[in-house]
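Below is one structure, written out as structure tokens; the observations come after it.
Residue numbers (this note's numbering): 279 to 583.
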């Protein structure tokens, strides 16, 4: 697959920096684990996590993303090799051990974070120096939420490219325990965002379809339906959409600094210090197609950020 090329400007002359891989796989893993939130948008939980006698393996890294989705991260120093299949193997373990995972979240991040764990769409992230076209095709066929991230080291610089990012299908687990009789701590009552959308009035469903199209048309974007909202992502979220049938509106949270926006009461709001589902501190209320049109610049700014 085509690789990223990086050049240094030397008085108007372009000098290409040679790309390289790290010497040791453990070095790559350790660096990512120390900087996982900045690099991948994942809060780090555990390294080399032992999955027990039945699965008999060790997950490179366990984490939780900004949506509260449990995440398995697998690393390969060079070509992807079997990182994808390993990740899917451990994803199956993760879905069968919800209470065990949530206990790790409580230990590392606290009970409040554990209460926000969303099992509707657990993830696998594979980080490697390269991926084959077969890897890219496979993630589009397996129906799971998978990201393939290619890294290249450039003389003290680290470049990350999202080779493939697939939302996958619903990943919720039907079982209520962790395979050992232990119950999960997360609440799972109430309709999911897609169930709410299906029951919403036609006008609101049409408005959502228009918003969905506009956000996806911004570029390298995919949407992930979660329990409380639909997340629109590049490498990380830039917009989260809640559907509110009673209020006949869509509530969008954007990663735009509210201090840089002329807030309009009833349309835009600073929710930095207000608890809410979804990532982003600027709330935008969409009731009409005209609201969509005047929010276009805010969508662009959040996408660019």
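Just so it is clear, CB atoms sit at the ideal spot from N, CA and C, and this is done for glycine as well.
These numbers come from a predicted model, not from an experiment.
Beta carbon of residue i nearer than 9 Å to that of residue j
{"i": "residue 572", "j": "residue 544", "result": "no"}
{"i": "residue 426", "j": "residue 358", "result": "yes"}
{"i": "residue 494", "j": "residue 422", "result": "no"}
{"i": "residue 324", "j": "residue 337", "result": "yes"}
{"i": "residue 378", "j": "residue 362", "result": "no"}
{"i": "residue 555", "j": "residue 510", "result": "no"}
{"i": "residue 534", "j": "residue 579", "result": "yes"}
{"i": "residue 485", "j": "residue 576", "result": "no"}
{"i": "residue 302", "j": "residue 310", "result": "no"}
{"i": "residue 437", "j": "residue 282", "result": "yes"}
{"i": "residue 521", "j": "residue 471", "result": "yes"}
Neighbourhood of residue i by C-beta, 6 Å cutoff - its chain only, sequence neighbours within 5 removed
{"i": "residue 424", "result": "402, 417, 444"}
{"i": "residue 371", "result": "329, 333"}
Close-in-space but distant-in-sequence residues of the same chain around residue i (CB under 8 Å, 5 per side omitted)
{"i": "residue 512", "result": "440, 497, 498, 499, 581"}
{"i": "residue 526", "result": "479, 481, 482, 565"}
{"i": "residue 307", "result": "325, 338, 339, 353"}
{"i": "residue 583", "result": "516, 533, 534"}
Spatial neighbours of residue i in its chain, beta-carbon cut-off 7 Å, leaving aside the 5 residues before and after
{"i": "residue 490", "result": "501"}
{"i": "residue 299", "result": "355, 356, 407, 431"}
{"i": "residue 364", "result": "352"}
Integer-rounded CB distance, given that residue j should sit under 8 Å from residue i
{"i": "residue 297", "j": "residue 431", "result": "7 Å"}
{"i": "residue 320", "j": "residue 395", "result": "With a Cβ gap of about 13 Å, residue 320 and residue 395 do not count as contacting."}
{"i": "residue 350", "j": "residue 368", "result": "5 Å"}
Neighbour-count burial assignment, residue i, 16 or more Cβ in a 10 Å radius
{"i": "residue 398", "result": "buried"}
{"i": "residue 557", "result": "buried"}
{"i": "residue 550", "result": "exposed"}
{"i": "residue 288", "result": "exposed"}
{"i": "residue 345", "result": "buried"}
{"i": "residue 531", "result": "buried"}
{"i": "residue 446", "result": "buried"}
{"i": "residue 293", "result": "exposed"}
{"i": "residue 347", "result": "buried"}
{"i": "residue 322", "result": "buried"}
Sheet register partners of residue i (DSSP bridge)
{"i": "residue 497", "result": "None; residue 497 has no bridge partner."}
{"i": "residue 432", "result": "435"}
{"i": "residue 325", "result": "339"}
{"i": "residue 348", "result": "342"}
{"i": "residue 515", "result": "511"}
{"i": "residue 408", "result": "357"}
Any C-beta of chain D under 9 Å from that of residue i
{"i": "residue 380", "result": "The structure shown contains no chain D; it holds only a single protein chain."}
Proximity test, residue i beta-carbon vs the ligand SAM heavy atom, cut-off 8 Å
{"i": "residue 316", "result": "For the ligand SAM, the structure offers nothing, since it holds no ligand at all."}
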